[in-house]
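Chains as they are written, first to last, in the numbering used here: chain A, 570 to 726; chain B, 738 to 1022. All residues carry an ideal CB built from backbone N, CA and C; glycine is no exception. The structure appears right after this line, and notes come after that.
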Ligand SMILES: Cc1cc2nc3c(=O)[nH]c(=O)nc-3n(C[C@H](O)[C@H](O)[C@H](O)COP(=O)(O)OP(=O)(O)OC[C@H]3O[C@@H](n4cnc5c(N)ncnc54)[C@H](O)[C@@H]3O)c2cc1C
Ligand code: FES
Ligand code: FES
């Protein structure tokens, strides 16, 4: 099957590559762009570990073809910190113990960034609802909720 | 998990997409949000040779109003409907149903046209589309046609749409005065799909039920209108007793109730009644 050249911008850097149409976006991000912060948990579009922001939308990148992202702007966990300073959401996860093994964390943080962009001051229930697409096997979620609340406060001040 | 190989084409018009379907016949598949198709392809339950991606066809996107009808492009996402000002003002049931689907990431990508075409028996849209008496517009090699929601769903994952047709728009009549709606579901906790989902549209004048439409999903292999409930309550007062008695008829005449590891047949029947009662109570309150 014919390969196609695609161009994407991930965290501000251009990546151009020839891909098979069946390549999933998560494989492009990890294997072609070499950005292994986005994880593959279930690969069945359930767990959200592969969540990245594609043209402003949080997407499970294992449920999207790389070729569909031709021309897209993508943000992954690697793009959040600026000049070595943690993004407020990352800081929240650090301060509130929002992770244990850390496997779900990159997807959780990207989904949280979408949540806070759409709703800068969410209630606890809105946070839980907004992170429904992301599973964590370790924390029991409470510290993740606390981390997002921390970030919401910090981002508003 | 990687799909089998395929050719990928992203046409920019409906005509081009139709030509591609004609040229490739059954080996081609349309791609909308991809949130049913791509997982199916990863499991190799579907192995199309050609993918026709509809996402670059602007004409299939967006929500507009025209002579008492909301016109929803097939490629409009669940998220766009959930947050649409027009939907909230004219037919809040649409926004409410959209918000009940899956999770944020799924709503960001999944489309109403894709959901209807996929016809998962536990999908949320069918309940609302049936209750609202919507019409599904499709174009094929022989031109455009319009299919009533009540004629659209034929079997598990099977609709009235031909493989060489494309759903272009969903036309939803804007309900008249004194009409309210609601959608309630019990989600399967892992996937979010409905174990039972009930959409209700009712017209209430001085607490009397002038009209009632009840769409049920998740319960049978084909989503349906609970006609027994509707005729039972029409003309009566919305008292708790009347509502409860009518809701008992939520599975009357339905002989293919679903049963799986998540819910037995008896449990699903009970859920249909309970959610019908709650949905009517909530809309009539
Ligand atoms: C984790 C997860 C949870 C989910 N939870 C829910 C839920 O709670 N409730 C729910 O209702 N759904 C749920 N879904 C399904 C989701 O809503 C899908 O997006 C939807 O069913 C399919 O829409 P799509 O746009 O993604 O279609 P696609 O996957 O792109 O296509 C599905 C099928 O429709 C065909 N098709 C697409 N567009 C058209 C068109 N315009 N004309 C003709 N044929 C077309 C395709 O060829 C394909 O056969 C979930 C999905 C996932 C991955
Ligand atoms: S790896 Fe994509 S959702 Fe789990
Ligand atoms: S911290 Fe281990 S899965 Fe979330």
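Query                                                                                                                                                                                                                   : Result
Looking at ligand 1, does it come within less than 8 angstroms of residue 860 of chain B, judged from the CB to the closest heavy atom?                                                                                 : yes
Is it buried or exposed for residue 668 of chain A, if we count other Cβ within 10 angstroms and need 16 for buried?                                                                                                    : buried
Can you confirm whether residue 627 of chain A, when its beta carbon is compared against all beta carbons of chain B, has any partner nearer than 9 angstroms?                                                          : yes
Are the C-beta atoms of residue 920 of chain B and some chain A residue less than 9 angstroms apart?                                                                                                                    : no
Determine the DSSP secondary structure at residue 582 of chain A, reduced to helix, strand or coil.                                                                                                                     : strand
Helix, strand or coil: which one does DSSP assign to residue 743 of chain B?                                                                                                                                            : coil
Does the segment 627-643 of chain A come within contact of the segment 585-594 of chain A, defined as at least 3 CB pairs closer than 8 angstroms?                                                                      : yes
Under 8 angstroms, CB to CB, which of the residues in the segment 827-843 of chain B have a partner in chain A?                                                                                                         : 839, 840, 841, 842 and 843
When you measure from the CB of residue 669 of chain A to every non-hydrogen atom of ligand 3, does any distance come out below 8 angstroms?                                                                            : yes
Pick helix, strand or coil for residue 948 of chain B, following the three-state DSSP scheme.                                                                                                                           : strand
Using beta-carbon positions only, say whether residue 873 of chain B and residue 859 of chain B come within less than 9 angstroms of one another.                                                                       : no
What I want to know is whether the C-beta of residue 843 of chain B ends up closer than 8 angstroms to one or more non-hydrogen atoms of ligand 1.                                                                      : yes
Considering only C-alpha positions, which residue in the set A:628, A:577 and A:599 is nearest to residue 682 of chain A?                                                                                               : A:628
Show which residues of chain B have a CB atom less than 9 angstroms away from the CB atom of residue 683 of chain A.                                                                                                    : 841, 842 and 845
Could you tell me whether the Cβ of residue 739 of chain B comes closer than 9 angstroms to any Cβ of chain A?                                                                                                          : yes
Assuming contact is defined by CB atoms lying nearer than 9 angstroms, are residue 957 of chain B and residue 988 of chain B in contact in what I supplied?                                                             : yes
Answer yes if the segment 930-949 of chain B comes into contact with the segment 896-911 of chain B, meaning at least three C-beta pairs across the two stretches below 8 angstroms, and no otherwise.                  : no
Any beta-carbon of chain A closer than 9 angstroms to the one on residue 771 of chain B?                                                                                                                                : yes
What span of residues does the alpha helix (DSSP H) with residue 687 of chain A cover, start to end?                                                                                                                    : 674-687
Is it buried or exposed, residue 574 of chain A, if we count other Cβ atoms within 10 angstroms and call 16 or more buried?                                                                                             : exposed
So, are the CB atoms of residue 920 of chain B and residue 830 of chain B less than 9 angstroms apart?                                                                                                                  : yes
By how many angstroms is the C-alpha of residue 851 of chain B removed from the C-alpha of residue 985 of chain B?                                                                                                      : 32 angstroms
Starting from residue 702 of chain A, find everything on chain B with Cβ-Cβ shorter than 8 angstroms and list it in chain order.                                                                                        : 839, 840, 841, 842 and 843
Starting from the C-beta of residue 1016 of chain B, find all residues in its chain whose C-beta is less than 8 angstroms away, skip the five residues before and the five after it, and write them out in chain order. : 919, 920, 921, 935, 936, 937 and 951
Any idea what DSSP makes of residue 1012 of chain B, helix, strand or coil?                                                                                                                                             : helix
Apart from the five residues just before and just after residue 899 of chain B, which ones in its own chain have a Cβ nearer than 7 angstroms to its Cβ?                                                                : 877
Following a CB-centred definition, is residue 771 of chain B positioned closer than 8 angstroms to any heavy atom of ligand 1?                                                                                          : yes
Below 9 angstroms on C-beta distance, what does residue 790 of chain B contact in chain A?                                                                                                                              : 634, 636 and 637
Among B:758, B:810, B:802 and B:783, which residue has its Cα nearest to the Cα of residue 794 of chain B?                                                                                                              : B:810
Please list the partners that residue 614 of chain A has in chain B, where partner means a Cβ-to-Cβ separation under 9 angstroms.                                                                                       : 772, 775, 776, 779, 842 and 843
At the level of alpha carbons, what is the spacing between residue 826 of chain B and residue 835 of chain B?                                                                                                           : 15 angstroms
Let me check you understand the geometry: is the CB of residue 702 of chain A closer than 8 angstroms to at least one non-hydrogen atom of ligand 1?                                                                    : yes
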